[in-house]
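Just so you know, the protein sequences line up as chains W and G, in that order.
Position 159 (the first sequence) corresponds to 159 in my numbering; numbering is contiguous.
Position 4 (the second sequence) corresponds to 193 in my numbering; numbering is contiguous.
Take a look at the structure set out below.
There are 2 protein chains.
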Amino acid sequence: MKKSFGPKTLVFPTPVWMVGTYDKEGKPNVMAAAWGGICCSRPPCVAVSLRKATYSYGNIVERKAFTISVPSETLAREADYVGIVSGKDADKFAAAKLTPVRSALVDAPYVGECPMVLECRLLHTLEIGLHTQFVGEILDVKVEESALGEKGLPDIEKVRPILFDPEVNTYHGVGRFVGKAYKIGREIP
Amino acid sequence: MKKSFGPKTLVFPTPVWMVGTYDKEGKPNVMAAAWGGICCSRPPCVAVSLRKATYSYGNIVERKAFTISVPSETLAREADYVGIVSGKDADKFAAAKLTPVRSALVDAPYVGECPMVLECRLLHTLEIGLHTQFVGEILDVKVEESALGEKGLPDIEKVRPILFDPEVNTYHGVGRFVGKAYKIGREIP
Chain W
1 MKKSFGPKTL VFPTPVWMVG TYDKEGKPNV MAAAWGGICC SRPPCVAVSL
51 RKATYSYGNI VERKAFTISV PSETLAREAD YVGIVSGKDA DKFAAAKLTP
101 VRSALVDAPY VGECPMVLEC RLLHTLEIGL HTQFVGEILD VKVEESALGE
151 KGLPDIEKVR PILFDPEVNT YHGVGRFVGK AYKIGREIP
Chain G
190 MKKSFGPKTL VFPTPVWMVG TYDKEGKPNV MAAAWGGICC SRPPCVAVSL
240 RKATYSYGNI VERKAFTISV PSETLAREAD YVGIVSGKDA DKFAAAKLTP
290 VRSALVDAPY VGECPMVLEC RLLHTLEIGL HTQFVGEILD VKVEESALGE
340 KGLPDIEKVR PILFDPEVNT YHGVGRFVGK AYKIGREIP
């Protein structure tokens with residue numbers, strides 16, 4: 001038996017990402033975002049939705065670029081902080097002791113301490129309602145060498161990304177290996 | 190030191206969702222999708238991107254509705270299967286022994302066995318490239334009562350959603366509690 005929760009933004013899993021931008025004066029800003037996901041394979045694109053009221057919103061409209069830095073569990077406190085405080089009021093990189101690294105590909109900074117970063121140029125802007133969705137073309141994905149595993153590929157258990165539970169308001173880590181994609185389903189005739 | 194992987198759809202975490210639709214004849218179909226995420230809080234919306242070549246694509250265009258069913262780890266095999274086989278060739282609900290439940294709110298079926306389901310009416314369609322993004326307004330979220338925890342809220346450790354690693358092609362579970370959102374960041378001055 002299922003219980004009805006009504007119309008709400010409740011789904012699992014949602015990510016914890018840090019969106020990096022520059023403001024008009026070139027000050028780096030970073031905010032937390034959980035409303036997003038990959039949205040196209042060719043060109044490779046990622047979508048992230050922000051409220052117009054955020055400082056980052058204006059930055060993306062102005063600079064037509066943003067980065068997504070994937071914090072590891074060890075950066076959960078910093079990721080939470082940049083989701084609470086506005087870049088209008090604070091230099092969040094400085095306050096959280098995070099390093100803004102200027103992207104060589106797009107006009108935006110990423111978080112040096114994060115094990116995985118995506119550098120994106122703005123491709124589409126979709127007004128939906130309270131949130132505006134920015135679709136960014138992924139020009140590069142960079143991963144910390146210490147987070148690479150077998151065959152030199154990123155190891156999710158070393159990146160240790162964070163999940164956000166949007167109903168209970170909690171963060172969770174990545175758990176055990178469940179199975180191989182495009183393989184375990186072949187057991188079904 | 191970070192290693193560059195180039196322009197690709199590589200980010201953590203990405204979800205494993207099952208998208209439910211009806212075809213023209215009313216046959217229920219379900220496919221796996223990892224390209225998606227919440228994209229607006231008001232109205233509550235979720236985005237999911239599909240290739241035009243999929244059977245589900247035509248179904249959503251026709252019916253202007255879809256559901257998202259969140260499989261638990263125990264359904265990883267079924268979720269993988271519905272991502273491998275096309276609804277053009279098979280009755281995937283029947284083959285995977287899944288139950289199509291007709292939504293009372295939108296013109297689409299959901300997977301009865303999944304602990305969490307979202308019923309969505311199509312709000313926007315965005316052509317991006319290989320993928321088309323469908324933005325659905327979430328009319329209801331239903332959660333299995335056995336997956337509820339304290340205070341009657343969905344418990345992520347009972348829902349046990351699956352994560353997809355799009356580079357190594359593996360599925361992973363949810364791990365340990367990391368911290369409280371909107372709280373642990375307040376330790377930073």
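A virtual CB, placed ideally from N, CA and C, is assigned to each residue, including glycine.
The same chain holds no residue with a CB closer than 8 Å to that of P196(G) once the five nearest residues on each side in sequence are set aside. In this structure, D344(G) places its C-beta atom within 8 Å of the C-beta atom of L337(G). If you draw a straight line from the Cα of N29(W) to the Cα of G87(W), it is about 6 Å long. Excluding five sequence positions before and after T210(G), the CB atoms of its chain that fall closer than 7 Å to its own CB belong to N218, S245, N248, I249, R252, F255, A297, given in chain order. When secondary structure is reduced to three states using DSSP, Y81(W) falls in the helix class. Taking C-beta atoms as the reference points, F177(W) and T314(G) fail to come closer than 8 Å. Ranked by Cα distance from V271(G), the first of A285(G), S258(G), V259(G) is A285(G). With a threshold of 16 other beta carbon atoms within 10 Å, R160(W) meets it and is buried.
In the structure shown, S146(W) adopts helical secondary structure according to DSSP, grouped into three states.
Residues of the stretch 46-75 of chain W with a C-beta less than 9 Å from any C-beta of chain G: V46, A47, V48, S49, R51, I68, V70, E73, listed in chain order. Residue pairing by DSSP places A236(G) opposite G226(G), V324(G) in a beta bridge. Residue pairing from DSSP places M220(G) in a beta bridge opposite V208(G). Of I38(W), I68(W), M31(W), the smallest CA-CA separation from K142(W) is found for I68(W). E119(W) has T67(W), D140(W) as its beta-bridge partners, per DSSP. One finds I188, P189 in chain W with Cβ atoms closer than 9 Å to the Cβ of A284(G), taken in chain order. Residue nearest to L123(W) within the set P115(W), L130(W), F134(W), G129(W) is F134(W) (criterion: CA-CA distance). Non-local beta-carbon contacts of G36(W) in its own chain, meaning distances under 8 Å to residues more than five positions away in sequence, involve P15, W17, V46, A47, V48, S49, I68 in chain order.
Contact note: S193(G) reaches chain W through D140, K142, using a C-beta cutoff of 7 Å and chain order. DSSP places K52(W) outside both helix and strand once states are collapsed to three, so it counts as coil. The criterion of a C-beta distance shorter than 8 Å is satisfied by E326(G) and P232(G).
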